[in-house]
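Numbering (the numbering used here), first residue to last: 5 to 278. Heads up, the thing below is written out as structure tokens.
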Amino acid sequence: MEVALLGFGLGTLVGFILALTGAGGGILAVPLLVFGLHLSIVQAAPVGLIAVGAASAFGAVLGLRKGLVRYRAAALIGVTGMLLAPLGLRLARVIPNAPLMVAFSFVLAWVAWRMFNQARRDAGPPPDVHLSSKPPCVLHPSEGRLIWTLPCAWTLAGTGVVSGLLSGLLGVGGGFVIVPSLSRYTNVAMPGIFATSLAVIALVSVGGVASAAWQGSIVWAIALPFAVGAVAALLAGRLIAARLAGARLQQAFAVISGAVSLLLLARGLGWIAA
Numbered sequence: 005m006e007v008a009l010l011g012f013g014l015g016t017l018v019g020f021i022l023a024l025t026g027a028g029g030g031i032l033a034v035p036l037l038v039f040g041l042h043l044s045i046v047q048a049a050p051v052g053l054i055a056v057g058a059a060s061a062f063g064a065v066l067g068l069r070k071g072l073v074r075y076r077a078a079a080l081i082g083v084t085g086m087l088l089a090p091l092g093l094r095l096a097r098v099i100p101n102a103p104l105m106v107a108f109s110f111v112l113a114w115v116a117w118r119m120f121n122q123a124r125r126d127a128g129p130p131p132d133v134h135l136s137s138k139p140p141c142v143l144h145p146s147e148g149r150l151i152w153t154l155p156c157a158w159t160l161a162g163t164g165v166v167s168g169l170l171s172g173l174l175g176v177g178g179g180f181v182i183v184p185s186l187s188r189y190t191n192v193a194m195p196g197i198f199a200t201s202l203a204v205i206a207l208v209s210v211g212g213v214a215s216a217a218w219q220g221s222i223v224w225a226i227a228l229p230f231a232v233g234a235v236a237a238l239l240a241g242r243l244i245a246a247r248l249a250g251a252r253l254q255q256a257f258a259v260i261s262g263a264v265s266l267l268l269l270a271r272g273l274g275w276i277a278a
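Spelled out as structure tokens, the structure:
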């Protein structure tokens, strides 16, 4: 019972972070499980995916209702990611826990650095951007749909490969990969990019969670209360997110994420006892 309550409490923290910072905040789910419940990366990864996937599915449904999700692009990226997530999970079961923890620390540090810089740009004046070339995936000027070409399909599929591998290997939803990729290689507006990213994360999480459940590596006594807490806090957090969210909050979250990445690195290198 104590473990379930602690899992629920950690899940509510993740859900609140998701409400304030977006899908990328779910990357803290695995470190919280590692330090709060002393799970290994292999044990924590599918638990984090369940929570992040459930929260992302909720956000994706809202995006679909508003017509923001590019569902064909989401399907291509998501299905590709679903196929690669079991491979990432298999690699995670082969690689020792310490190298996985070090790898996760570097991923988290990169996410923190990128989020901090993005928040700093958002807080300043809008940049004067001149695109030197047209991205491979562009919207039809009159229909508002993506124009499908072979380069566009390969670009989106490649995004799904990276997202799926990282989801299975480290238990992260992949929003920090999907959002930059869609921003760089498409001309979709940011609301559509975020909504499409949530749909992809939900799909990719299904692949990782299903594979982990098939292999019996999910600690359900922790996963279920953790996911319930995350979704409940996400719903509650949305009521105050608009008043609290902003560039400064994003920077604060980035600093916290950077500190957590250093703790994970120290744990992975054996400088901090498990």
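Cβ atoms here follow ideal geometry from the backbone N, Cα and C, with glycine treated the same way.
Rounded separation between residue 51 and residue 7 - CA only:
The alpha-carbon of residue 51 is positioned some 14 angstroms away from that of residue 7.
Roughly how many whole angstroms lie between the Cα atoms of residue 153 and residue 141?
As the crow flies, the alpha-carbon of residue 153 is around 8 angstroms from that of residue 141.
Taking contact to mean 3 or more Cβ pairs, one atom from each stretch, closer than 8 angstroms, check whether the stretch 41-51 and the stretch 213-232 are in contact.
Contact between the stretch 41-51 and the stretch 213-232 is established, with three or more Cβ pairs separated by less than 8 angstroms.
Close-in-space but distant-in-sequence residues of the same chain around residue 107 (CB under 6 angstroms, 5 per side omitted):
Non-local beta-carbon contacts of residue 107 in its own chain, meaning distances under 6 angstroms to residues more than five positions away in sequence, are absent.
Bridge partners - residue 190, DSSP secondary structure assignment:
Paired residue(s): 141.
Nearest-angstrom Cα distance between residue 102 and residue 20?
Pairing residue 102 with residue 20, the inter-Cα distance amounts to about 29 angstroms.
Quick check on residue 66 - is its C-beta less than 8 angstroms from some C-beta in chain B?
Although the question refers to chain B, the structure presented lacks it and comprises just one protein chain.
So, is residue 230 buried or exposed, given that buried needs 16 or more other C-beta atoms within 10 angstroms?
Only buried fits residue 230, as 16 or more other CB atoms lie within 10 angstroms of its CB.
Across which residues does DSSP place residue 150 in a beta bridge pair?
Note: residue 150 sits in a beta bridge opposite 143.
Just verifying my parser: in three-state terms, what is the DSSP assignment at residue 283?
No statement about residue 283 is possible, as the shown extent of the chain runs from 5 to 278 and does not include it.
Check this for me: beta carbons of residue 99 and residue 204, under 8 angstroms apart or not?
Cβ atoms of residue 99 and residue 204: not closer than 8 angstroms.
Residue 60 in three-state terms, based on DSSP
For residue 60, the three-state secondary structure derived from DSSP is helix.
Let's test the definition: count the other Cβ atoms within 10 Å of the Cβ of residue 110 and tell me whether it reaches 16, buried, or not, exposed.
So residue 110 ends up on the exposed side.
Just to confirm, is the Cβ distance from residue 172 to residue 92 under 8 angstroms?
Against a cut-off of 8 angstroms, the Cβ pair of residue 92 and residue 172 comes out as a contact.
Inspect the beta-carbon positions of residue 284 and residue 97 and report whether they are closer than 8 angstroms.
Limits of the chain in this structure are 5 at one end and 278 at the other, which puts residue 284 out of reach.
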